[in-house]
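Student:
Chains as they are written, first to last, in this note's numbering: chain A, 87 to 261; chain B, 18 to 317; chain C, 135 to 906.
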């Protein structure tokens with residue numbers, strides 16, 4: 087049983103990339119991806135909000151898709167590429183991801199507990215819709231798996247929408 | 018009061034169906050298959066499985082394909098809900114299935130949860146299962162030593178009870194016949210909120226018009242949760258065959274299905290409420306399937 | 135570089151333009167939140183930390199016959215197990231002493247704490263909990279407050295002879311006489327249900343042993359200072375030996391006051407000498423949190439033919455749950471706070487807070503005033519419809535006005551209620567929409583209005599006093615730090631304080647921050663409730679900032695050899711009347727600091743409003759300022775499915791002064807959606823004392839796809855309250871108070887169905903359209 091330093095059962099070795107870094111780790115077969123991220127790697131951005139895949143506070147991006155890490159077996163990380171909120175930027179004010187900047191600028195952050203998961207759902211959604219015009223309705227669907235109790239979602243939707251328009255404009259200028 | 022202890026000792030990730038079958042055989046019922054795991058990872062906390070090992074089928078490429086072959090559409094068991102939503106083939110030739118998949122949970126859940134897992138989990142209102150029943154889909158099952166095809170509807174034995182044993186049987190794919198231009202499908206669902214919600218009622222519809230004119234040749238109406246398994250509203254289906262689908266007929270059909278179904282009172286809705294809603298769902302489903310400019314209604 | 139023209143004049147009153155206030159200021163602690171570095175209590179890890187888990191009662195009411203922890207104690211990694219036998223049985227409690235640390239006699243609700251384990255891993259703790267053997271003797275239980283009042287109902291506290299925790303009574307004027315003289319009499323009963331705050335961060339504590347028998351607690355709390363006092367009482371310790379630190383908090387909305395699991399963590403820490411972490415899983419948070427007080431509200435109103443309110447008579451039966459947290463205060467608030475929204479002349483109210491074998495109830499945004507608003511604003515809407523009166527004019531006619539003293543002696547020093555109504559009507563196109571022609575098809579649109587009042591601080595909440603104090607420290611680098619005991623729980627309070635300090639001193643808010651609350655260092659702060667933060671906490675910060683500024687001016691005068699009345703400070707620069715070039719504050723502070731032995735300057739400020747405890751007749755001004763608001767909801771109801779959708783929403787609030795426009799909007803938008811959830815679907819479904827939906831898939835919080843199709847429009851009016859800092863009043867609870875009624879009224883307008891019990895479900899609407 088995990089957590090008891092019990093030698094029984096197969097302890098798995100997995101190899102994965104997280105936030106662009108390569109890892110080789112020994113995990114327990116019944117470990118959750120959320121526990122791997124928070125406890126083994128010490129990355130606290132992903133939160134346990136419900137432990138049942140129903141609130142999105144634990145959202146990370148795995149192989150380009152937003153997933154609830156509390157219901158993903160850590161073993162499945164083997165061979166995968168994972169992005170957590172810590173991987174979005176260097177963490178300092180002067181090198182934030184533009185999406186993070188937009189969240190701050192538009193007031194899309196209040197208590198902040200849902201924010202890491204929300205950012206990653208937004209990013210996954212935007213990446214999957216690159217090159218297309220995005221509506222607010224689509225954004226709502228894109229973040230529909232992330233519960234927020236503070237903001238009423240308005241400014242979050244606005245931040246994502248403004249970011250998408252800006253990114254579009256940058257693309258247009260480039261192309 | 019609800020623990021979170023996960024207790025299996027092995028987690029296998031084979032990459033071919035042969036490896037999957039070999040593992041099943043090797044572990045003699047002590048291992049079970051898992052696809053997305055979105056149901057299992059949650060249910061296990063309250064109702065721990067008596068298994069030593071899990072066999073994750075998500076890395077078997079053959080099980081993740083969506084393809085058309087010889088007039089049939091094949092959907093691999095490990096195809097995720099997101100894949101169904103995004104697939105041009107399914108949007109075009111299996112609309113009810115794409116629409117059903119889109120209502121499930123949230124983007125995070127849809128990215129991981131699979132149609133195979135949804136069917137084997139055997140809940141009577143499983144959205145993609147309802148769609149597959151409307152499509153008269155078959156499930157293709159491989160067990161060590163045998164291969165079978167079963168109508169999806171027949172695999173449901175009761176809530177949470179499937180005739181498919183995840184410790185013995187590997188679902189490889191679902192298939193249904195590719196529709197012609199006279200066939201229309203659509204999915205309708207009513208829930209307490211627009212995402213992260215289980216349905217109060219859902220309805221999968223397949224219909225076929227006559228070659229000449231607007232009369233209905235054939236129809237299948239699959240609904241949930243009206244019984245312990247996905248329910249085909251056969252009485253209502255019969256009453257509609259041969260009819261021209263105008264407003265009056267649709268109204269009558271709504272009443273007919275409301276009368277026909279016998280749902281229980283449950284947390285998500287009373288029997289009376291579900292009966293009422295399913296009538297509205299059928300009316301709107303047919304209007305939507307045929308793109309009728311009927312009364313103003315909402316798609317979601 | 136900002137010029138002299140934007141400067142604040144010295145002395146008070148002649149403020150020409152604000153450098154920091156009134157803008158869209160992103161929260162100052164947002165960087166750590168968007169990068170995932172913000173640490174909340176569940177993120178804390180300490181060396182040797184143990185994991186605490188609670189064994190909870192599986193019965194709503196039972197005697198504890200025996201507890202055997204032998205098997206549990208043998209689980210590898212278990213360090214300590216406590217039951218009622220291991221702790222003092224003295225009684226304590228936030229309002230009524232009906233709490234014990236752990237019971238040795240009986241349990242009173244499904245989820246009640248029976249025992250606690252501390253172990254070296256979560257798994258070990260959980261396994262140990264499952265192995266504790268308890269012999270229960272089930273007792274008859276009662277779940278409905280109305281039934282709990284009846285003769286012969288099972289008693290939760292056998293030393294009492296009924297289940298009433300507290301009774302509240304008030305009678306001002308002569309209600310019976312006024313009713314007798316009324317042209318219009320209206321009577322109705324409304325019910326508001328039990329809902330869950332659903333803060334995304336569950337309740338959490340990490341207790342750590344400190345030096346010299348001190349106890350340190352890292353808490354997810356709204357009341358750091360006050361919990362220190364309560365926990366001292368619970369643990370029978372000197373409060374000075376308890377240090378409480380509040381890191382980032384993931385929302386509270388009223389739930390995060392005194393909490394049993396905090397106390398249990400503390401006991402385990404003191405016994406083991408090791409840090410103990412106790413964090414609720416979501417199910418526990420549902421089952422043993424502090425949900426909203428459910429109420430049955432009977433209302434009788436008497437009006438004259440011209441729509442003047444003559445009498446208000448109410449009776450409330452409120453569910454306390456199994457022990458008392460703050461429900462009695464919430465019931466009394468429901469009884470009489472709304473009496474100061476309108477110019478009532480005769481009011482009578484009786485409120486019973488009743489024990490039931492269910493989850494203890496407590497504060498939730500609105501604090502009883504929200505529940506009463508649903509009843510009152512629905513009632514007024516019904517009267518208007520029955521008697522063909524204009525709901526806008528009725529409220530204009532009876533609403534309080536600036537300078538008015540209400541029937542309970544509340545001094546309404548600032549009030550833009552009339553203007554809120556006018557603005558909401560104008561922006562929403564109210565009258566055009568009301569005149570709209572009959573709609574075809576099954577989906578009907580409707581529009582509804584509700585207004586609200588609230589307090590900005592509530593004197594009776596904490597008997598000894600209401601008020602706040604603050605320090606503002608200006609460092610040699612020219613940076614200011616605000617020290618306050620008031621708690622930012624995500625609403626942006628720390629940013630508001632920094633803005634107030636910046637504005638009052640003349641700094642750029644970029645160089646101001648608010649320190650985290652640490653009761654060893656921070657001044658005492660009562661906490662985040664009663665919408666008191668901006669007004670009372672903010673005013674203390676303002677006073678501290680003004681005090682700092684006075685000192686700063688004196689030192690600048692001394693060092694630069696200028697007269698103080700020749701000096702102006704604005705946006706981080708010091709302007710001298712007789713020279714062009716301003717001096718940066720940082721530069722000046724460095725010089726000043728050298729002359730003072732390297733120290734910083736510290737301003738101290740205190741704000742104790744001249745509010746009073748109400749007398750026996752409940753008379754007395756309880757708050758320094760009263761905020762007001764007007765909401766208009768536009769909905770669409772599908773008459774075939776009963777589903778209600780919000781189309782657009784207009785919220786106009788009299789906030790006294792806009793400190794930060796962005797966080798104000800955020801509060802309004804959050805409050806509206808929270809109200810939408812409550813009005814349209816959230817419900818804690820309890821059957822035989824057991825919560826059937828302790829999870830997010832069956833408890834219907836709004837998702838991003840459940841927000842209005844259109845917009846939530848928010849507007850802020852500035853009535854410049856004389857007591858608030860720069861005139862500011864609060865927004866936290868007013869943003870929610872009117873929402874359920876606005877929606878209920880809009881639903882009635884759409885389909886003619888009046889739903890009097892929350893939530894407004896599709897079933898109730900369909901039932902109303904086609905009874906039976």
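Even for Gly, the Cβ is constructed at its ideal location relative to N, Cα and C.
#1: What first and last residue would you give for the beta strand (DSSP E) that runs through residue 780 of chain C?
#2: Mind reading off the beta-carbon distance from residue 836 of chain C to residue 810 of chain C? Whole number of angstroms is fine, and I expect it under 8 Å.
#3: Name the DSSP beta bridge partners of residue 159 of chain A, please?
#4: Using a cut-off of 9 Å between C-beta atoms, extract the partners of residue 306 of chain B located in chain C.
#5: Starting from residue 413 of chain C and walking both ways along the beta strand (DSSP E), at which residues does that stretch end?
#6: From the beta carbon of residue 151 of chain C, is the nearest beta carbon of chain B less than 9 Å away?
#7: Where residue 164 of chain A and residue 105 of chain A are concerned, what is the direct C-alpha to C-alpha distance, given to the nearest angstrom?
#8: Measure the C-alpha to C-alpha separation of residue 721 of chain C and residue 685 of chain C and round it to an integer number of angstroms.
#9: Name the chain A residues that come within less than 8 Å of residue 806 of chain C, Cβ to Cβ?
#10: So, at 6 Å on beta carbons, what are the nonlocal neighbours of residue 139 of chain C in its own chain, with the 5 sequence-adjacent residues on each side left out?
#11: What residues from chain A crowd round residue 212 of chain B, counting only those whose CB sits closer than 8 Å?
#12: Which residues mark the beginning and the end of the beta strand (DSSP E) in which residue 763 of chain C is found?
#13: Whose C-alpha, out of B:73, B:47, B:46, is nearest the C-alpha of residue 58 of chain B?
#14: For residue 524 of chain C and residue 217 of chain B, I'd like the C-alpha separation in whole angstroms.
#15: Going by beta-carbon coordinates alone, are residue 481 of chain C and residue 588 of chain C separated by less than 9 Å?
#16: Which one of C:299, C:252, C:206 has the shortest CA to CA distance from residue 233 of chain C?
#17: Unbroken alpha helix (DSSP H) runs of length 4 or more, entirely within the segment 536 to 603 of chain C: which are they?
#18: Which same chain residues end up closer than 6 Å to residue 244 of chain A when comparing Cβ atoms and leaving out the 5 residues on each side of it in sequence?
#19: Near residue 465 of chain C, which residues of its chain fall below 8 Å by C-beta distance, leaving aside the five closest residues on each side in sequence?
#20: Please classify residue 315 of chain C as buried or exposed, where buried requires at least 16 other C-beta atoms within 10 Å of its C-beta.
#21: Just mark residue 340 of chain C as buried or exposed, buried being the case when its beta carbon has 16 or more other beta carbons within 10 Å.
#22: I want to see whether chain A comes within less than 9 Å of residue 124 of chain B, judged by CB atoms only; does it?
#23: Taking C-beta pairs closer than 8 Å, name the residues in chain B that residue 831 of chain C reaches, listed in chain order.
#24: Does the beta carbon of residue 287 of chain B come closer than 9 Å to any beta carbon on chain C?
#25: Going by other Cβ atoms of all chains shown within 10 Å of its Cβ, with 16 needed for buried, is residue 600 of chain C buried or exposed?
#26: Could you give the first and the last residue of the continuous beta strand (DSSP E) run that contains residue 203 of chain B?
#27: Quick check on residue 246 of chain B: buried or exposed, where buried means 16 or more other Cβ atoms within 10 Å of its Cβ?
#28: What does residue 152 of chain A touch in chain B if you count any residue whose Cβ is under 8 Å from its own?
#29: Can you list the residues of chain B that residue 98 of chain A reaches, using a CB-CB cut of under 8 Å?
#30: Leaving out the 5 sequence neighbours to the left and right, which residues in its chain are closer than 8 Å to residue 416 of chain C when beta-carbon positions are compared?
#31: When you compare the CB of residue 204 of chain A with every CB in chain B, is at least one pair closer than 9 Å?
#32: Could you please tell me which residues of the segment 160 to 175 of chain A, in chain order, have their CB closer than 8 Å to any CB of chain C?
#33: Just tell me which of A:179, A:155, A:169 has its CA closest to the CA of residue 231 of chain A.
#34: If we define contact as Cβ-Cβ less than 9 Å, is residue 245 of chain A a contact residue for chain B?
#35: Tell me whether residue 241 of chain A is buried or exposed, calling it buried when 16 or more other Cβ atoms sit within 10 Å of its Cβ.
#36: Run through chain A and tell me which residues come within less than 8 Å of residue 169 of chain C, C-beta to C-beta.
Tutor: With the given structure in hand:
#1: Element bounds for residue 780 of chain C: 778 to 788.
#2: Taking C-beta atoms under 8 Å as the contact rule, residue 836 of chain C and residue 810 of chain C qualify, at a distance of about 6 Å.
#3: In the DSSP output, where bridge partners are listed per residue, residue 159 of chain A has A:118.
#4: Within 9 Å Cβ-Cβ: nothing; residue 306 of chain B doesn't reach chain C, min ~18 Å.
#5: Segment 410 to 413, the beta strand (DSSP E) holding residue 413 of chain C.
#6: Not one chain B Cβ lies under 9 Å of residue 151 of chain C.
#7: Straight-line measurement puts the Cα of residue 105 of chain A at about 14 Å from the Cα of residue 164 of chain A.
#8: Taking C-alpha positions only, residue 721 of chain C is separated from residue 685 of chain C by approximately 16 Å.
#9: Scanning chain A for C-beta atoms nearer than 8 Å to the C-beta of residue 806 of chain C yields 238, reported in chain order.
#10: At residue 139 of chain C, the pLDDT of 38 sits below 50, so the modelled position is not reliable and the matter cannot be decided from this model.
#11: Residues of chain A with a Cβ closer than 8 Å to the Cβ of residue 212 of chain B are, in chain order, 227, 230, 231.
#12: Its beta strand (DSSP E) spans residues 762 to 772.
#13: When only C-alpha atoms are compared, the closest one is B:73.
#14: Taking the straight line joining both Cα atoms gives about 39 Å.
#15: Between residue 481 of chain C and residue 588 of chain C, the C-beta spacing is not below 9 Å.
#16: Taking only the C-alpha atoms, the option nearest residue 233 of chain C is C:299.
#17: Entirely contained in the segment 536 to 603 of chain C, the alpha helix (DSSP H) runs reaching 4 residues are, in chain order, 551 to 562, 564 to 568.
#18: Excluding the 5 residues flanking it on each side, residue 244 of chain A has same chain C-beta neighbours closer than 6 Å at 192, in chain order.
#19: Excluding positions up to five away in sequence, the list reads 300, 302, 427, 429, 450, 452, 485, 486, 487, 502.
#20: Exposed is the label assigned to residue 315 of chain C, since fewer than 16 other Cβ atoms lie within 10 Å of its Cβ.
#21: Buried.
#22: For residue 124 of chain B, the answer is yes, since a Cβ of chain A falls inside 9 Å of its Cβ.
#23: Simply 213, 214, 215.
#24: At least one chain C Cβ lies under 9 Å of residue 287 of chain B.
#25: Buried.
#26: Element bounds for residue 203 of chain B: 200 to 208.
#27: So residue 246 of chain B counts as buried.
#28: Those within 8 Å of residue 152 of chain A in chain B are 124, 125, 128.
#29: For residue 98 of chain A, the chain B residues whose Cβ falls inside 8 Å of its Cβ are 28, in order along the chain.
#30: Residues 336, 828, 829, 830 of the same chain have their beta carbon placed closer than 8 Å to that of residue 416 of chain C, with the five preceding and five following residues left out of the count.
#31: Residue 204 of chain A has a beta carbon lying at 9 Å or more from every beta carbon in chain B.
#32: Within the segment 160 to 175 of chain A, the qualifying residues are 170, 171, 172, 174, 175.
#33: From the listed residues A:179, A:155, A:169, the smallest Cα separation to residue 231 of chain A is found for A:155.
#34: It does not; no Cβ of chain B falls within 9 Å.
#35: Classification of residue 241 of chain A: buried, given that the 10 Å Cβ count is 16 or more.
#36: For residue 169 of chain C, the residues of chain A that pass the 8 Å Cβ criterion are 131, 171, 172, 174, 175, 177, 182, 186, in the order they occur in the chain.
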